[in-house]
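Notes follow once the structure below has been shown.
Number of protein chains: 2
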Amino acid sequence: MELSDRKKQILKLVVEDYVDSAEPVGSKVIAQQMGGSVSSATIRNELADLVEQGYLEQPHTSAGRIPSPKGYRLYVNELMEKHRLSLEETREINRGLQMKMQELDRMITQAGQLLSSFEGYPAYVAAAGKGSVRVKRYELLPVDESGCILVLMTNDERVKSQLLHLQLKVPGEKLPVVTSLLNNHFAGISAEEMNRRLMDVSEQLAPAMFLLLSQIVSYTTRVLEEANRKEVRTVGASQLLKLPEFRDADKAHQLMSFLAEEKEALPAPDEQSAMKILIGPENVSEALQDTSVVVASYDIGDNMRGLIGVVGPTRMDYAAVAARLSCFAEGLTRMFGKREHGELPPGEEHEE
Amino acid sequence: MELSDRKKQILKLVVEDYVDSAEPVGSKVIAQQMGGSVSSATIRNELADLVEQGYLEQPHTSAGRIPSPKGYRLYVNELMEKHRLSLEETREINRGLQMKMQELDRMITQAGQLLSSFEGYPAYVAAAGKGSVRVKRYELLPVDESGCILVLMTNDERVKSQLLHLQLKVPGEKLPVVTSLLNNHFAGISAEEMNRRLMDVSEQLAPAMFLLLSQIVSYTTRVLEEANRKEVRTVGASQLLKLPEFRDADKAHQLMSFLAEEKEALPAPDEQSAMKILIGPENVSEALQDTSVVVASYDIGDNMRGLIGVVGPTRMDYAAVAARLSCFAEGLTRMFGKREHGELPPGEEHEE
DNA sequence: CTTTAGCACTCAGGGAAAGAGAGTGCTAAA
DNA sequence: TTTAGCACTCTCTTTCCCTGAGTGCTAAAG
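Heads up: the protein sequence lines correspond to chains A and B, in order. At position 9 of the first sequence (counting the first as 1) the number is 296 in this note's numbering, and the numbers step up by one without a gap. At position 60 of the second sequence (counting the first as 1) the number is 347 in this note's numbering, and the numbers step up by one without a gap.
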């Protein structure tokens with residue numbers, strides 16, 4: 288059943304008042320905000336209806352009303368006006384993202400920090416490979432008789448390298464042979480496949496050579512594993528303690544442990560959509576039942592997709608959060624897009 | 288003035304009781320624990336003396352006593368018995384550290400997590416270079432006409448690499464020339480020096496060459512910067528909320544923000560010593576006035592030194608924490624020592 | 001001089017009682 | 001359908017009192 292326009296307007300006012308007061312809102316305030324065109328008694332009747340229909344809740348008889356998850360949902364879907372970011376705000380976000388490009392890892396962590404400080408809520412970020420990163424090319428550089436450098440280039444254009452200590456000496460002249468062996472037989476395949484091939488050729492090789500190869504394969508396996516893993520970081524959890532709904536240490540502790548330990552369970556937007564809003568019980572995770580999550584996705588080059596979101600109380604300024612969040616997501620996409628073409632000396636790297 | 292043996296014994300009992308009850312301890316309990324050899328009245332007299340001398344405090348008249356920082360200090364210096372870790376415990380720690388070796392970064396973070404979960408307090412970890420990491424050797428690998436891979440080897444035996452997109456095309460044949468130029472003139476010097484040299488030679492070079500060089504120098508600068516930076520990570524901050532002294536949201540918030548934002552200010556042991564215990568006001572940071580910190584150092588190969596510590600309430604089981612912490616530090620040192628000699632295929636690297 | 005028993009005193013913490021205030025629901029009139 | 005009026009409900013805060021733990025002091029005993 289559709290709500291009357293007036294009911295919707297009232298619901299909207301309740302949500303917005305509650306969002307910034309964190310206190311149940313009464314009929315009088317609403318009447319006032321509607322310009323005195325109706326009396327508080329009328330509002331009371333409407334409020335009672337809204338409660339009955341499940342859009343509002345009453346902490347106890349004779350308290351004001353607060354929005355229920357269903358009420359927030361309606362608000363988000365229909366009532367929420369697009370929040371316009373001020374020019375300054377947009378600029379500030381983009382300036383913030385304009386930090387020195389460093390590794391992707393640090394980069395997105397910083398974006399998360401920035402977001403968290405903007406919103407005053409904990410934030411989370413992740414970058415996820417699309418699954419099948421492979422090695423495109425191998426290179427071996429001699430160092431001395433018992434060591435060499437292995438350089439890997441992956442099909443998503445990243446480079447990793449590693450110093451290998453050899454258990455058995457391999458003369459420098461042999462390296463090109465190994466290199467071409469690797470490039471011919473170990474490029475473009477998955478880690479499992481690599482291990483299988485290694486076994487296949489094991490008997491035809493000199494032991495020293497085999498040892499070297501297994502060292503390389505084992506390192507490569509780790510690199511691929513890592514490139515494919517989705518690692519979620521959470522930032523700014525301590526912000527929770529500023530919110531009235533988390534003054535209770537137990538509640539705060541529960542959520543914070545969740546954010547610290549099970550961050551993999553935090554929601555992500557669906558494949559197609561750019562943003563997702565989950566209100567209270569719409570979350571699957573037990574620990575998020577009383578919180579809302581707003582999360583957006585962004586692109587990292589062509590092969591990866593990132594994720595950036597905030598966690599807060601259901602009482603959340605969805606319009607503003609959503610607006611800022613898409614600004615972040617767009618900023619990040621732009622940023623990572625640019626780097627692909629190397630306008631600036633970007634900064635892609637790696638480290639031990 | 289030296290304390291009598293009995294006073295020391297009493298102080299010791301007060302500390303130990305308070306550590307696990309978190310409640311002021313009274314004369315009666317102490318008398319009991321001393322085996323009934325003296326009456327509670329006697330104890331009261333002694334307690335009064337200890338308060339006067341500043342080793343104990345009284346939250347209010349007619350409450351029991353709690354140790355003051357001075358009292359804890361005496362306890363730590365003289366009274367504390369070496370806590371013997373059970374065999375299981377040692378084994379458990381070492382098993383925990385035996386995780387798959389990955390990058391140093393992730394490795395020490397995991398150690399921190401492990402520590403934090405052992406102690407039930409927040410932990411922090413860092414690895415710090417000894418200051419002057421330099422590039423030992425450069426290598427350039429051709430990719431295509433508008434790109435090449437730069438590989439750096441530093442004097443602490445780490446390898447970093449990066450894909451460079453060239454603004455201007457540089458034919459593959461030229462690369463060896465550039466490489467030797469780099470190795471002859473840009474190796475073994477600081478980042479500032481590198482930039483200076485770059486300026487010096489700028490006029491004698493073709494523009495394309497100059498551009499390439501500056502790209503390399505700028506990347507190298509970043510790498511060196513990062514290799515020399517001490518990055519501190521904190522883990523398990525949410526554990527604070529379980530402690531009675533941090534049930535108050537404001538207090539908890541204050542400390543947690545400090546741990547999240549100013550972790551660089553967390554104490555480190557002095558150059559020579561392996562462990563440091565800082566009790567309450569012995570800390571310089573404002574935010575740590577009511578907490579104690581126990582921190583140990585460990586070695587990462589020959590060039591780096593790591594740091595691992597916990598932050599907790601002044602009421603802390605110093606003996607046990609210190610014992611476990613050195614077990615951690617030793618484990619890490621052993622671990623990183625081993626890798627240097629390449630028993631196992633270690634895993635030193637870098638990414639993206 | 002040290003230890004002990006005895007006792008009055010202090011203070012935090014918990015619960016009950018009382019008052020204030022906000023906001024409701026209902027009724028009856030416009 | 002809206003409004004004014006009013007009694008009622010329920011939370012929150014404050015106050016008060018009581019209890020219990022633990023002290024400090026005094027005076028006597030070792």
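Positions of the beta carbon are idealized from the N, C-alpha and C atoms, including for glycine.
Would you please verify whether the beta carbon of R520(B) is less than 7 Å from any beta carbon of chain A? For the purposes of this step, residue 520(B) is taken as the residue at position 233 of the second sequence. At a cut-off of 7 Å, the C-beta of R520(B) has no neighbouring C-beta in chain A.
Beta-carbon proximity of K447(A) to L453(A), cut-off 7 Å: By 1-based counting over the first sequence, the position of residue 447(A) is 160. By 1-based counting over the first sequence, the position of residue 453(A) is 166. No, they are not a contact pair.
Separation of S308(B) from A609(B), as counted between CA atoms: Your numbering for residue 609(B) matches position 322 in the second sequence. Your numbering for residue 308(B) matches position 21 in the second sequence. The C-alpha of S308(B) is placed about 20 Å away from the C-alpha of A609(B).
Any beta carbon from chain A within less than 7 Å of L631(B)'s own beta carbon? Position 344 of the second sequence, counted from the first residue, corresponds to residue 631(B). Interpretation of L631(B) is limited by its pLDDT of 39, a score under 50 that renders its predicted location unreliable; no figure is taken from the coordinates.
Count the other CB atoms within 10 Å of the CB of P554(A); is the residue buried (16 or more) or exposed (fewer)? For the purposes of this step, residue 554(A) is taken as the residue at position 267 of the first sequence. Residue burial is scored here from C-beta neighbours: P554(A) has at least 16 other C-beta atoms within 10 angstroms and is therefore classed as buried.
Using 8 Å as the Cβ pair cut-off and three pairs as the minimum, do the stretch 490 to 501 of chain A and the stretch 367 to 377 of chain A touch? No: fewer than three Cβ pairs fall under 8 Å.
Over the uninterrupted beta strand (DSSP E) stretch that includes Q526(A), give me the two end residues. Numbered from its first residue, the first sequence carries residue 526(A) at position 239. Here Q526(A) belongs to no beta strand (DSSP E), and DSSP marks it neither H nor E.
Taking the beta strand (DSSP E) that P409(A) falls in, what are its first and last residues? On the first sequence, residue 409(A) is found 122 positions in, with the first residue counted as 1. Premise fails: P409(A) is in no beta strand (DSSP E) and is neither H nor E.
Whole-angstrom Cβ separation of T396(B) and V422(B), contact assumed at under 8 Å? Start at 1 with the first residue of the second sequence, and residue 396(B) comes out as number 109. Start at 1 with the first residue of the second sequence, and residue 422(B) comes out as number 135. Contact annotation, T396(B) with V422(B): C-beta distance approximately 27 Å; criterion of less than 8 Å not satisfied.
L546(B) lies in the alpha helix (DSSP H); which residues open and close that run? Locating residue 546(B) in the second sequence gives position 259, where the first residue counts as 1. L546(B) -> alpha helix (DSSP H) spans A536 to E548.
DSSP state of S489(A) mapped onto helix, strand, coil: What you label residue 489(A) is simply residue 202 of the first sequence in a count that begins at 1. In this structure, S489(A) counts as helix in the three-state DSSP scheme.
To the nearest whole angstrom, what separates the beta carbons of L337(B) and L300(B), a pair I think is in contact under 8 Å? Position 50 of the second sequence, counting from 1, holds the residue named residue 337(B). Position 13 of the second sequence, counting from 1, holds the residue named residue 300(B). Taking a contact as a CB-CB distance under 8 Å, the pair L337(B) and L300(B) does not count as one, their CB atoms being some 11 Å apart.
So, at 7 Å on beta carbons, what are the nonlocal neighbours of D577(A) in its own chain, with the 5 sequence-adjacent residues on each side left out? Start at 1 with the first residue of the first sequence, and residue 577(A) comes out as number 290. The answer, listed in chain order, is G567 and T601.
Out of M321(A), S327(A) and Q320(A), which has the shortest C-alpha to C-alpha gap to S314(A)? Within the first sequence, numbered from 1, the residue matching residue 314(A) stands at position 27. The residue among M321(A), S327(A) and Q320(A) with its C-alpha nearest the C-alpha of S314(A) is S327(A).
Does the count of Cβ pairs from the stretch 396 to 407 of chain A and the stretch 516 to 536 of chain A closer than 8 Å reach three? Between the stretch 396 to 407 of chain A and the stretch 516 to 536 of chain A there are three or more inter-stretch CB-CB distances shorter than 8 Å, so the stretches are counted as touching.
Cβ-based neighbour list, K563(A), same chain, cut-off 6 Å, excluding 5 preceding and 5 following: As a working note, residue 563(A) is residue 276 in the first sequence. Closer than 6 Å at Cβ, skipping near neighbours: P556 and V582.
Could you round the C-beta distance between F545(A) and A539(A) to whole angstroms and report it? I think they count as a contact, below 8 Å. Here residue 545(A) is taken as the residue at index 258 of the first sequence, counted from 1. Here residue 539(A) is taken as the residue at index 252 of the first sequence, counted from 1. At roughly 11 Å, the Cβ-Cβ gap does not stay under 8 Å, so F545(A) and A539(A) are not in contact.
DSSP three-state assignment for H452(A), whether helix, strand or coil: Locating residue 452(A) in the first sequence gives position 165, counting from the first residue. Strand at H452(A).
List the DSSP bridge partners of C435(B). Residue 435(B) sits at position 148 when you count from the first residue of the second sequence. Beta-bridge analysis with DSSP links C435(B) to P429(B) and L451(B).
Would you report the Cα separation of N364(A) and L542(A), rounded to the nearest angstrom? Position 77 of the first sequence holds residue 364(A). Position 255 of the first sequence holds residue 542(A). Going from the Cα of N364(A) to the Cα of L542(A) covers about 26 Å.
Report yes or no: do three or more beta-carbon pairs, one from the stretch 346 to 355 of chain A and one from the stretch 585 to 599 of chain A, lie closer than 8 Å? Taking 8 Å as the limit for Cβ pairs, the verdict is that the stretch 585 to 599 of chain A does not touch the stretch 346 to 355 of chain A.
So which residues on chain B does A415(A) lean against when the C-beta distance must stay under 9 Å? Walking along the first sequence from the start, residue 415(A) turns up at place 128. Under the 9 Å cutoff, chain B gives no residues; its nearest Cβ is about 14 Å from A415(A).
Leaving aside the five residues before and after M367(A) along the sequence, list all residues of the same chain whose C-beta is less than 7 Å from its C-beta, in chain order. The count along the first sequence starts at 1 and reaches residue 367(A) at position 80. Exclusion of the five residues before and after M367(A) leaves Y605 and A606 as the residues of its chain whose Cβ lies within less than 7 Å of its Cβ.
Assign M603(B) to one of two classes, buried (16 or more other C-beta atoms within 10 Å of its C-beta) or exposed (fewer than that). As a working note, residue 603(B) is residue 316 in the second sequence. Result: buried.
Quick one: which chain B residues come within Cβ less than 7 Å of V446(A)? Against the first sequence, residue 446(A) aligns to sequence position 159. Those within 7 Å of V446(A) in chain B are I436, S448, Q449 and L450.
So, under 8 Å CB-CB, K456(B) and S433(B) are touching, yes? Tell me the CB distance rounded to an integer number of Å. Translated into positions along the second sequence, residue 456(B) becomes position 169. Translated into positions along the second sequence, residue 433(B) becomes position 146. About 6 Å separates the two Cβ atoms, so the contact holds.
Endpoints, the beta strand (DSSP E) within which Y362(A) is located: Here residue 362(A) is taken as the residue at index 75 of the first sequence, counted from 1. First-last for Y362(A): undefined, no H or E at that position.
Assuming Y411(A) contacts K550(A) (C-beta within less than 8 Å), just tell me the rounded distance between them. Here residue 411(A) is taken as the residue at index 124 of the first sequence, counted from 1. Here residue 550(A) is taken as the residue at index 263 of the first sequence, counted from 1. About 6 Å separates the beta carbons of Y411(A) and K550(A), which is inside the 8 Å limit, making them a contact pair.
So with Cβ pairs under 7 Å, would you call S324(B) a contact of chain A? Taking the first residue of the second sequence as position 1, residue 324(B) is located at position 37. By this cut-off, S324(B) is not an interface position.
Under DSSP, the beta strand (DSSP E) around L594(A) begins and ends at which residues? Looking up residue 594(A) in the first sequence gives position 307. Residues M591 to P600.
Cβ-based burial, V464(A) [other Cβ within 10 Å; buried from 16]: If you number the first sequence from 1, residue 464(A) lands on position 177. Result: exposed.
Straight-line gap, A552(A) to Y342(A) (C-alpha atoms, nearest Å): The count along the first sequence starts at 1 and reaches residue 552(A) at position 265. The count along the first sequence starts at 1 and reaches residue 342(A) at position 55. Their backbone Cα atoms lie some 28 Å apart in a straight line.
Consider the Cβ of H540(B): report whether some Cβ of chain A lies at a distance smaller than 7 Å. Counted from its first residue, the second sequence places residue 540(B) at position 253. Closer than 7 Å: yes.
Is Y305(A) helix, strand or coil when you go by DSSP? Counting from one through the first sequence, the residue named residue 305(A) turns up at place 18. Note: Y305(A) maps to helix in three-state DSSP.
With respect to the alpha helix (DSSP H) encompassing S467(A), which residues constitute its N-terminal and C-terminal limits? Counted from its first residue, the first sequence places residue 467(A) at position 180. Membership of S467(A) in the alpha helix (DSSP H) is indicated by the continuous run L462 to H472.
Short CB-CB distance (under 7 Å) between E638(A) and chain B: In the first sequence, counting from the first residue as 1, residue 638(A) sits at position 351. With a pLDDT of 35 at E638(A), under the threshold of 50, the modelled position of this residue cannot be trusted; read the value that follows with caution. Closer than 7 Å to the CB of E638(A) there is at least one CB belonging to chain B.
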